[in-house]
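Sequence lines, in order, name chains Z and R. For the first sequence, position 299 matches number 298 in numbering that gives the first Met the number 0, and the numbering has no gaps at all. For the second sequence, position 303 matches number 302 in numbering that gives the first Met the number 0, and the numbering has no gaps at all. Don't be surprised by glycine CBs; every beta carbon is placed ideally from N, CA and C. Keep in mind it's a predicted model, so treat the numbers as computed, not measured. Only one structure is covered here, and it is reproduced in the block below.
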Amino acid sequence: MHLLNFTKRTLIAAFTLFWVHPPGATAQTDIDAIMMNKNNFCVGGTYGNNSWKNYWEGTFKRNNLNLGTVSTKTFGLMGNYGITDKLNFLVGLPYVETHASAGTLHGQKGLQDLSMWLKWLALEQQIGSGTLSLYAIGGLSLPVSHYEPAFLPMSIGLHSTNLSGRVMADYQTGNFFVTASGTYTWRSDITIDQNSYYTTELYLTDKVYMPNMASYNVRAGYRSERLIAEAVFDQMYTLGGFDIRKNDMPFPSNKMNATTAGVNFKYTFKAVDGLSLVGGGDYTLAGRNVGQATAWDIGVFYILSFTHKGKKSSQGQKPAQPSSKTN
Amino acid sequence: MKLHKISTAGLMILTLVACNKSVSNRTANIAALTPGSEDINAGGWQTVLLTRPDTFAVAAPAATNSTAYIADLNEIKGYQHSLTSDQEATIKYWSAGGVLRWNEILRGLVAKYNLPPYQNADGSYPIPSSANPFAYPQYPFANPPYAARAYAYIAAAQYDALVACWHYKTLYNRPAPYTVDSTIQAKVPKTTLPAYPSEAAVLAGVTAEMMKLLFPDEIANIQQLAQQHELSVIMSGAAARSDVTAGEALGRQIADVFIARGRTDNTSKAVGTQAQWTNLQTIAINNGQIPWYSLETPQRPPMLPFFSLVKPFLFDSATVASFRPGPPPSTGSDTLKQDAQEVYNIVKSPASGNMKIVQFWADGAGTYTPPGHWNAIAAEDFITQNFSEVRWARNLALLNMAEMDAAIVCWDIKYFYFNPRPTQMNPAIKTLTGIPNFPSYVSGHSVFSSAAATILSHILPQNQAKYQAMASQAAESRLMGGIHYRVDCEVGLTVGANVGNYAVTRAEGDGAE
Numbered sequence: 000m001h002l003l004n005f006t007k008r009t010l011i012a013a014f015t016l017f018w019v020h021p022p023g024a025t026a027q028t029d030i031d032a033i034m035m036n037k038n039n040f041c042v043g044g045t046y047g048n049n050s051w052k053n054y055w056e057g058t059f060k061r062n063n064l065n066l067g068t069v070s071t072k073t074f075g076l077m078g079n080y081g082i083t084d085k086l087n088f089l090v091g092l093p094y095v096e097t098h099a100s101a102g103t104l105h106g107q108k109g110l111q112d113l114s115m116w117l118k119w120l121a122l123e124q125q126i127g128s129g130t131l132s133l134y135a136i137g138g139l140s141l142p143v144s145h146y147e148p149a150f151l152p153m154s155i156g157l158h159s160t161n162l163s164g165r166v167m168a169d170y171q172t173g174n175f176f177v178t179a180s181g182t183y184t185w186r187s188d189i190t191i192d193q194n195s196y197y198t199t200e201l202y203l204t205d206k207v208y209m210p211n212m213a214s215y216n217v218r219a220g221y222r223s224e225r226l227i228a229e230a231v232f233d234q235m236y237t238l239g240g241f242d243i244r245k246n247d248m249p250f251p252s253n254k255m256n257a258t259t260a261g262v263n264f265k266y267t268f269k270a271v272d273g274l275s276l277v278g279g280g281d282y283t284l285a286g287r288n289v290g291q292a293t294a295w296d297i298g299v300f301y302i303l304s305f306t307h308k309g310k311k312s313s314q315g316q317k318p319a320q321p322s323s324k325t326n
Numbered sequence: 000m001k002l003h004k005i006s007t008a009g010l011m012i013l014t015l016v017a018c019n020k021s022v023s024n025r026t027a028n029i030a031a032l033t034p035g036s037e038d039i040n041a042g043g044w045q046t047v048l049l050t051r052p053d054t055f056a057v058a059a060p061a062a063t064n065s066t067a068y069i070a071d072l073n074e075i076k077g078y079q080h081s082l083t084s085d086q087e088a089t090i091k092y093w094s095a096g097g098v099l100r101w102n103e104i105l106r107g108l109v110a111k112y113n114l115p116p117y118q119n120a121d122g123s124y125p126i127p128s129s130a131n132p133f134a135y136p137q138y139p140f141a142n143p144p145y146a147a148r149a150y151a152y153i154a155a156a157q158y159d160a161l162v163a164c165w166h167y168k169t170l171y172n173r174p175a176p177y178t179v180d181s182t183i184q185a186k187v188p189k190t191t192l193p194a195y196p197s198e199a200a201v202l203a204g205v206t207a208e209m210m211k212l213l214f215p216d217e218i219a220n221i222q223q224l225a226q227q228h229e230l231s232v233i234m235s236g237a238a239a240r241s242d243v244t245a246g247e248a249l250g251r252q253i254a255d256v257f258i259a260r261g262r263t264d265n266t267s268k269a270v271g272t273q274a275q276w277t278n279l280q281t282i283a284i285n286n287g288q289i290p291w292y293s294l295e296t297p298q299r300p301p302m303l304p305f306f307s308l309v310k311p312f313l314f315d316s317a318t319v320a321s322f323r324p325g326p327p328p329s330t331g332s333d334t335l336k337q338d339a340q341e342v343y344n345i346v347k348s349p350a351s352g353n354m355k356i357v358q359f360w361a362d363g364a365g366t367y368t369p370p371g372h373w374n375a376i377a378a379e380d381f382i383t384q385n386f387s388e389v390r391w392a393r394n395l396a397l398l399n400m401a402e403m404d405a406a407i408v409c410w411d412i413k414y415f416y417f418n419p420r421p422t423q424m425n426p427a428i429k430t431l432t433g434i435p436n437f438p439s440y441v442s443g444h445s446v447f448s449s450a451a452a453t454i455l456s457h458i459l460p461q462n463q464a465k466y467q468a469m470a471s472q473a474a475e476s477r478l479m480g481g482i483h484y485r486v487d488c489e490v491g492l493t494v495g496a497n498v499g500n501y502a503v504t505r506a507e508g509d510g511a512e
């Protein structure tokens, strides 16, 4: 179980796209307790789909016949490099397309935000029959195209530059594991293509203050060399922001909160060393100023090893074991 | 250690992000208004509704050596003795100009109230009613025509009130407290303009009173702001309590003239009835045209279809129909098919930069509307001109009377032709902004923008090229957004210029130039 499970869900969700896409559940390296070994590089592609028909306008749950079902397709490219066994660098870039099944609004598409993380395995300790590991993870995301953030819910993102800090603990005994993490996200102001906007008062500027965010995430399940299967619970809060007014459109600095639950799997093939398939789905149980999304995604990853002079980890060379979690 | 480097880099980035976290209004910290000219003869400028500047009497003020006035001065000294930082901030805020600040406040109210009502369970829509305060749907729905009218009534009332104010200022010629008593500080730039009656209080009074007509749920909030405005000029040493009392009373009396007009200007007829809405369809069908229908689900009644009946400011109601251009291409014609195809081609894969332009001019639900956008453009240019308060009011009155009359004329054309939007003719046309819930021909943005650019170009001729370019871009943004045919925008610009010229004619004859 060397690898990585990298899906767009956090790439996008942990950072920007809360309207279109509340944070998901699929295992991913920036929020799971799996490390790449030194000089191994895991790279992969994912496809994700997220859709909602109902949404919360503040606390009022409604549908909108002028939107129908709003869906988002995400094509993600991701990588994770082992700088050392205990320090990984992760990177991801999604291409996003939005679509509304009813009404007249034009879908939007484009490259969204480049995300990077440093993930540090700070501590590993045998406790009882299992292993406790602690992680510190720092993330940065920046928009890479001039997409329009104030055309929600069709916008492909919120266009802020974000920094996140996360602490995470994982405990594994036998093939059972549980991981819990808490994340704080600083968000920069954004600039929109308007010279004024109304939140709870009129702002005569194109700058929008984006409140910071916090979240926690708990995941538990089965984890072996070959297979990971987990259930995930995620709670996201916007620390400030305002509610969508009755029959208004959403705005990037809304108070977007979401509670989601889902399942993920990752299967590592025997036949081709270093190749794995990931997938998962989740559902938004509750929210505020977000869509009640159902989301799923699937991805394929492959490990390249630069440990020896040979380029491929798959040619006879067994990918390195993760430094933790080995029984 | 690597970690140390990482955390240092992280901290630096964090600091950068943190530093970026300050959003303030463009006009938050502008300097105090320092008029280039006090326009001391403005008491003779042509008023809008008042027949004479002294229609409402203002009693002669007490002499500056009277015990009553000395008590006024002591009140000021009391405030100035221990001004809090909040009070200083209030003085600074209002010192930028009362007309400017009230215009900004009004734009905020329009944005707050510019939301279409949510449908009833049966798919019908509730109609906002002033008889039902503080209930949903909120009253008013400050859509573009309503907003244009609100901006115009308030701007025109402020203008008439300040003309009357200037009349009495020169008549009584009582100086400002800081001039009478050298121990009173001037917390704002000193002026030789007589202080009685206070122009700030005239503005506060007239504006607060106008809320009874326009935003009845906001009377209490605006009353607080009016008091704050008045107190700010007292604390600043620019006006005595008696200057303020006389000014507020004058302002409120003049507002009543405008309110009386507003209650009988046919706005109450603008919504219409189901039978009237159906009749609009019948007329179009009888003319061999496909009638407009609402593209919202559930279908929403058309926005203010009889706003054309509202009494204009710059010309009489009989003139409204004279602005009507020829008809748009027939809905059955090849020309219209080609026009719709053009819209489809433009919006199918939007050119780079189009979204930005569409968004910049969208001014849709929840915003201060296109007339509000032109008020913002005007106000930010006026700030650089050091106009007196009365000239500020005059210029915004000209702009907003043009915008209101543009709304009346444009709505007349829209409902006279009842022409479908491009998406109605070709549902494959998806739009980059919401489709407004009224007929296509001619574009409201084009009419508003061209009318505004025309009068603003007269007021600030050095900006003519800029205003014309902005109006053209605003018009074109509606084609780029997929919500208008090209002809709607082009003809709309012409119609708007024709309306704007009435404001120019008025400006040339009002005595201010």
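Chain R contact for residue i (CB, 9 Å cutoff)
{"i": "Y196 (chain Z)", "result": "yes"}
{"i": "T103 (chain Z)", "result": "yes"}
{"i": "E200 (chain Z)", "result": "yes"}
{"i": "V207 (chain Z)", "result": "yes"}
{"i": "D192 (chain Z)", "result": "yes"}
{"i": "L284 (chain Z)", "result": "no"}
{"i": "S323 (chain Z)", "result": "Note on S323 (chain Z): pLDDT 37, under 50, position unreliable in the model; the coordinate value appears next. Not an interface residue."}
Contact under 9 Å by Cβ, residue i with residue j
{"i": "P251 (chain Z)", "j": "L133 (chain Z)", "result": "no"}
{"i": "P143 (chain R)", "j": "A238 (chain R)", "result": "no"}
{"i": "Q384 (chain R)", "j": "L459 (chain R)", "result": "yes"}
{"i": "R106 (chain R)", "j": "N374 (chain R)", "result": "yes"}
{"i": "N436 (chain R)", "j": "P301 (chain R)", "result": "yes"}
{"i": "R299 (chain R)", "j": "P125 (chain R)", "result": "no"}
C-beta neighbour in chain Z for residue i, strict 9 Å
{"i": "I434 (chain R)", "result": "yes"}
{"i": "L72 (chain R)", "result": "no"}
{"i": "V201 (chain R)", "result": "no"}
{"i": "F359 (chain R)", "result": "yes"}
{"i": "L114 (chain R)", "result": "yes"}
{"i": "E295 (chain R)", "result": "yes"}
{"i": "V346 (chain R)", "result": "yes"}
{"i": "G331 (chain R)", "result": "no"}
{"i": "L431 (chain R)", "result": "yes"}
{"i": "K355 (chain R)", "result": "yes"}
Selected residue, minimal CA-CA separation from residue i, among the options
{"i": "A120 (chain R)", "options": "R:G236, R:F415, R:P297 and R:A350", "result": "R:P297"}
{"i": "F257 (chain R)", "options": "R:Y152, R:T430 and R:P369", "result": "R:Y152"}
{"i": "A230 (chain Z)", "options": "Z:E224, Z:N48 and Z:N263", "result": "Z:N263"}
{"i": "T178 (chain Z)", "options": "Z:T160, Z:M153 and Z:I227", "result": "Z:I227"}
{"i": "A320 (chain R)", "options": "R:V389, R:A406 and R:G363", "result": "R:A406"}
{"i": "V95 (chain Z)", "options": "Z:N87, Z:G106 and Z:F88", "result": "Z:G106"}
Any non-hydrogen atom of the ligand MG closer than 8 Å to residue i Cβ
{"i": "A207 (chain R)", "result": "The ligand content of the structure shown is nil, which means the ligand MG is not present either."}
Exposed unless 16 or more other CB atoms sit within 10 angstroms - verdict on residue i
{"i": "S128 (chain R)", "result": "exposed"}
{"i": "T277 (chain R)", "result": "exposed"}
{"i": "L64 (chain Z)", "result": "exposed"}
{"i": "V271 (chain Z)", "result": "exposed"}
{"i": "S448 (chain R)", "result": "buried"}
{"i": "T83 (chain R)", "result": "exposed"}
{"i": "S163 (chain Z)", "result": "buried"}
{"i": "H145 (chain Z)", "result": "exposed"}
{"i": "E200 (chain Z)", "result": "exposed"}
{"i": "K347 (chain R)", "result": "exposed"}
{"i": "V19 (chain Z)", "result": "Its pLDDT being 39, under 50, V19 (chain Z) is placed unreliably by the model, and the measurement read from it follows with that caveat. So V19 (chain Z) counts as buried."}
{"i": "E103 (chain R)", "result": "buried"}
Contact belief for residue i with residue j at Cβ below 8 Å, rounded distance in angstroms
{"i": "A513 (chain R)", "j": "E208 (chain R)", "result": "Nothing in the structure corresponds to residue 513 (chain R), since chain R is present only between 0 and 512."}
{"i": "E217 (chain R)", "j": "L108 (chain R)", "result": "6 Å"}
{"i": "L120 (chain Z)", "j": "K85 (chain Z)", "result": "4 Å"}
{"i": "S445 (chain R)", "j": "G491 (chain R)", "result": "3 Å"}
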